[in-house]
Structure formats: structure tokens, C-alpha cells
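See structure below.
In this note's numbering, the protein residues as written are 752 to 882.
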């Protein structure tokens, strides 16, 4: 399986730089869903994605609304990832950034900050599945 992270920097003069990070692995996980508005206190939506973080080769998480993702437990997860509305984060094993997942994941819990509007959440994970 192959995924790509495409990054570009554009000014008024045009594209300054465009880079593509190609990632390959033999396994992938994905989630597409709409998180409910938080109308009655803090609501966490349980997402059944489980993976060993050391087997990850790359991922993308997109949130249409401001969200907090927790791993393994709620309300205090092993890892916490905060996304602004319309925000996306990407990571690859060959990239310059530290993986925000620092623990094996048994579940993901998503909390949408909005009290009025549901919002879409997309997750793509590329990983090595060899034992």
C-alpha cells in the first residue's frame, strides 16, 4: 500500500517549494465519521481503531470541527491530539516531526468542541503488519 503526503508553500509569486513524501507499508486502517455536537456536557465518541504505534509508517487526521482525540481511555488519554476546526495533521516515519502517538492504541476517543454542529472526522493510518 502506498500513501503520499504532499506539502507545498505558496506566496504571491507562486509556488516556492513542493515536496512529496511517499510512504509504503503492507497494512492500512481508516475511519470516516461524523462526530456529534457536544450538547450535554463533554461527549466522547469511541472509535474502534487499534494499532501498535511503533509499527506506524504514516498517518493523516482531518477534523472539520475543533476536536480533541484521546487514546485508550477518556477523559484522560494515553495520548492527546488537538485539532483546530478544518485542521489536518500528517506524519511519516521519514519526516522531520515526532509521532504524536507515543503509546500503543487500543481505541480512540473523539470529543467535538461544538455544542451545535456535528463535524466530520477522517483518519488514515499506514502501518507495517509483519509480526
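For each residue, glycine too, the CB sits at the ideal point set by N, CA and C.
Exercise. For residue 859, which of 766, 776, 760, 825 has the nearest alpha-carbon?
Worked result: 825
Exercise. Under three-state DSSP, which class holds residue 860?
Worked result: strand
For this session: Output yes or no for whether 8 angstroms exceeds the beta carbon distance between residue 809 and residue 754.
Result: yes
Problem set entry | Selection from 850, 834, 793, 811 that minimises the alpha carbon distance to residue 827 | 793
Problem set entry | N- and C-terminal bounds of the beta strand (DSSP E) containing residue 760 | 753-762
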